[in-house]
Amino acid sequence: MDERPAGMTAMTREDEGLGRLIRIRGARQHNLKNIDLDLPKDSLIVVTGVSGSGKSTLAFDVLHAEGCRRYLDAFLPASRFAFGAPWRQERPDVDVIEGLSPTVAIQHRRLPADPRSTVGTVTEISDFLRILYARLGTVTCPACRVPIRAHTIPEMVQEVQRLPEKSRLLVLAPLAPVTAADLGKTLVRLRREGFARVRFEGWVHLLAPLPTLPRRSTYDLQVVVDRLVVTRDAARRLADSLELAAQLGRGTAGVAVLDGGEVYFSQNRVCGRCGWEAPEPTPQLFSHFHPEGACPSCQGLGYGQKAKPARGKSSAEEAPHWEGEPCGSCKGSRLNQRALSVLLDGCSFGEAGALDLPAFRRWMENLSVEPAKEAVASGPRREILRRVDALLDLGLDYLHIGRGAGTLSSGEAQRLRLAQQLNTPLSGVLYLLDEPSVGLHARDRERLLRTLFRFRDAGNTVLLVEHDLEVLRWADHVVDLGPGGGTEGGRVLYSGPPEGIVRCEGSLTGRYAGGAKKLGFERVSSWAAQGHGVLRLTGAKGRNLKNLSVAFPLGRLTCVTGVSGSGKTSLVRDTLYPAVRNRLHRGNMPELPYNGLEGWEDLQGVFRIDQAPIGTTPRSTPGTYTGVFDLLRNLFGNLPEAKARGYRAERFSFNTKGGRCEACQGEGRQRIDMVLLPDVFVTCPACGGSRYEEATLEIRFKGYSIADVLHMTVAQALEVFQNLPAIRNRLQILSDVGLHYLQLGQPGNTLSGGEAQRVRLARELGCRVKGQTLYILDEPTRGLHIHDVEKLLWILRRLVQQGHTVIVVEHHVPFIGCADHVIDLGPEGGPEGGRVVAEGPPRVLAEKGGSHTARALARFFRTL
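Following this line, the structure appears as structure tokens:
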């Protein structure tokens, strides 16, 4: 077992105490087999096991669900009378849970769908920054680029007296523009009022006799109110002169130093040069959500009209997230010119939002603030720095606060939520995290673990659903579920300290952790994948890409690697994929800039399979998405009893009227509006969750109704329909990609990102593809136990053997070690990334070293 990094101490068994346990007795939720389990409090717990073994069920459907139910019962004890009996959240199927703390779940979910959401708004950094700009910002004129602020007469005097001793200066009163017709009257009036000089276009003219000025349509005149020399004794005279100048100049007074510059003061936030009236800074002025601050051209989006990429023939191909070209008016800052004219320590709000987090932190920490205003700045600055430090601790240093939240991966989004919890520290809480290491390079794992140990050391219990064996080794307590997935899982194979799992018979996790079983590297690498040329992309320079030229071998499995923010997504998803797609299908999908693309003529198709949900409602299921449910409905519609009753295939759809339960409209659940709290879903009392009316359920195949089929796992359905080739083939592909444990009718919005991606992959594998095809996948190992990673690897290898090309964006080191070719980007994230730091077969990279990925591969190969 690897040693822990410094500062990560394990909890001893004596620390637990008899009363410091969460006791679970008789848990039968989903596939859990009446398990009993004791979990130590105030410790870092890892729940692991093969896919579908019941990890998420235990963590989220038992512990978190019961925690939420108890909270609602305590918070709204009288709500059953206000809302009726159905309001209550359903109790998990468990006999007893003792010692349960309040729960906080941090799962893989997309951030707010609003395209205006940014890293800054999600983390509240922008909220505190808006306060600083409103209270301390210096307004400047957008045209003249000179500072504007409301000055009192004493402040004006104080500013002027900072000039060098004996400086000779003029005190000026700028007048409103005078027309040519009124020029003479104005000059006469000024002389009558006792003024001796005026200044025009930098020249001083005497008023006796009246001067002859150059012909102009309008005249911007400045009255010379006084001429004086800067001394300590001149303060009273200077104050009187500035006050008179401000009266004549409608609140504006100027000071011109002879043989020097000039400066203007205003009592009314008006530019003394052009008369532009500056707004009174308010926090709303710096919000791109608010009409007062949003750029009028892009409405606060930061980009122009959003392009709508052409859809491919396969609905599984999701268009990449694209924000279009930066708005020409605000240059992507999302704010209008009034907001951008306010500077804080010389930096506009938009410029601050474009700094990567380390640079932003340095700027904020060194912010120059007047001593009198330090009390105003200290609170917001402290909150900002705390939030930035939390993001840095989680390896998100390459982000900037102006980055759109929709551009973040699910792993980045989860770490953003984790950072939010760090900003509101609690004690005595059970934190439940779903694979926090997803999307994190091996280099950054230690920083994540340090953050999790901070949660634990603050008096909390941290429970991770995790597959990463390195994370498992640093845990205080490990729970391994299995031995298989679906109906074959749900049992506790091991519960105890991490070093003991290697001695647990029957545990695949223990066998991999102890080295008794390894990813099938040697067998896989012995398959000599025959290359068929290269796909060459040249001059890629979108976002942080540094004019890259990259060659992707055709007919091989290639991994694109690198630390978070190194440019992998920009290169593969937003440059390569749309470039190939547009050429093959004559589309107009937005693409990041590049110079050229060669080798695409050898391809006949391209598919990008990401981790987006297969549906946002319970109506989309693995069965409907892969098309196997259409075959099942046709089967039931052709049964003799169905024909005798006049039932057609449509009768067996829960998405259309006729055979579904109309009480829940085929969803199997009913939503209870909780008004001020999140909605609660309860099983439909009319159909009991079956989705169908009783008459439809009377039609049976081998004794199973259509509802029974929807509740079957893929493995169970394979046994029932093994003699029906069309149905069996679709089910077999789902099983091959490691989804044998999924129910055919499981709501699509409950699938993890990794499961959704494998459902998409199964759908594509079920289609007949002609010619060589390019498959692009984004972290397909997410949510997979290393045993299931091996299954996925064999599926992708099968595609390569058939002559197809597979490009995978991946962090999983054992998977990368099994690839044919690796393209490693870096060396770091953000501005320090965007370069190819290493490429070639994984063993070659490991031998050469030099990059973070190469060093991780070297450690991996040493264990083989």
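Position one of the sequence shown corresponds to residue 25 (the working numbering), numbered consecutively onward.
Every residue gets a Cβ at the ideal spot worked out from N, C-alpha and C, and that includes glycine.
When the Cα atoms are used, residue 634 and residue 833 turn out to be separated by approximately 10 angstroms. Per DSSP, the unbroken beta strand (DSSP E) holding residue 518 starts and ends at 515-520.
DSSP lists no beta-bridge partner residue for residue 589. Just measuring C-alpha positions, the residue of 573, 638 and 592 sitting nearest residue 622 is 573. Contact check between the segment 113-124 and the segment 360-367: fewer than three CB pairs, one atom from each, fall below 8 angstroms, which does not count as touching. Rounded to whole angstroms, the gap between the alpha carbons of residue 668 and residue 511 is 36 angstroms. A Cβ-Cβ contact shorter than 9 angstroms links residue 220 with residue 232.
Distance from the Cα of residue 839 is smallest, within the candidate group 676, 805 and 854, for 805. Counted as a single uninterrupted DSSP element, the beta strand (DSSP E) harbouring residue 289 occupies residues 286-290. By DSSP's assignment, residue 501 forms a beta bridge with 69. Of 561, 575, 565 and 496, the smallest CA-CA separation from residue 538 is found for 496. Between residue 887 and the set 129, 536 and 152, the nearest pair of CA atoms involves 536. Comparing C-alpha distances from residue 752 to each of 739, 761 and 803 shows the shortest one belongs to 739. Your pair residue 520 and residue 73 does not check out as a contact, with CB atoms roughly 15 angstroms apart and the cut at 8 angstroms. In the assembly as shown, residue 415 is a buried residue. Its beta-carbon has 16 or more other beta-carbons within 10 Å. The straight-line gap separating the alpha-carbon atoms of residue 464 and residue 587 is approximately 7 angstroms. Residue 485 is positioned such that its CB atom lies closer than 9 angstroms to that of residue 46. Going by DSSP, residue 811 is part of no beta strand (DSSP E) but of the alpha helix (DSSP H) stretching over 810-825. For residue 422, the three-state secondary structure derived from DSSP is coil. Two segments are said to touch when three or more pairs of C-beta atoms, one from each, lie closer than 8 angstroms; by this definition the segment 855-870 does not touch the segment 461-478.
In the DSSP assignment, residue 155 falls within the alpha helix (DSSP H) that extends over 149-160.
Approximately 11 angstroms separates the beta-carbon atoms of residue 354 and residue 377; this is outside 8 angstroms, ruling out the contact.
If the five residues before and after residue 775 are omitted, its C-beta is found closer than 6 angstroms to no C-beta atom of its own chain. Residue pairing of residue 224 in beta bridges, as defined by DSSP: 227. Here residue 849 is bridged, per DSSP, to 586 and 860. Secondary structure at residue 413: helix, using DSSP grouped into helix, strand and coil. Under a 10 Å Cβ-count criterion, residue 843 is classified as buried, with 16 or more other Cβ atoms of the shown protein chains found around its own Cβ.
For residue 693, the CB contacts under 8 angstroms within the same chain, skipping 5 residues up- and downstream, are 642, 705, 706, 707, 708 and 713 in chain order. Here the alpha carbon of residue 882 sits roughly 20 angstroms from the alpha carbon of residue 817. Taking a contact to require three or more Cβ pairs closer than 8 angstroms, the segment 194-213 and the segment 306-314 do not qualify as touching. Rounded to the nearest whole angstrom, the CA to CA distance from residue 185 to residue 281 is 12 angstroms. For the segment 627-683, the full-length alpha helix (DSSP H) segments reaching 4 residues or more read 646-650, 652-661 and 664-669 along the chain. Within the same chain, Cβ atoms closer than 7 angstroms to the Cβ of residue 83 are found at 71, 456, 487 and 489, the five residues on either side in sequence being excluded. Contact annotation: the segment 297-312 does not touch the segment 209-224, with fewer than three C-beta pairs closer than 8 angstroms. With a cutoff of 9 angstroms on beta-carbon distance, residue 526 and residue 831 are scored as not near each other.
Residues of the same chain with a CB within less than 6 angstroms of the CB of residue 361, apart from the 5 flanking positions on each side, are 166 in chain order.
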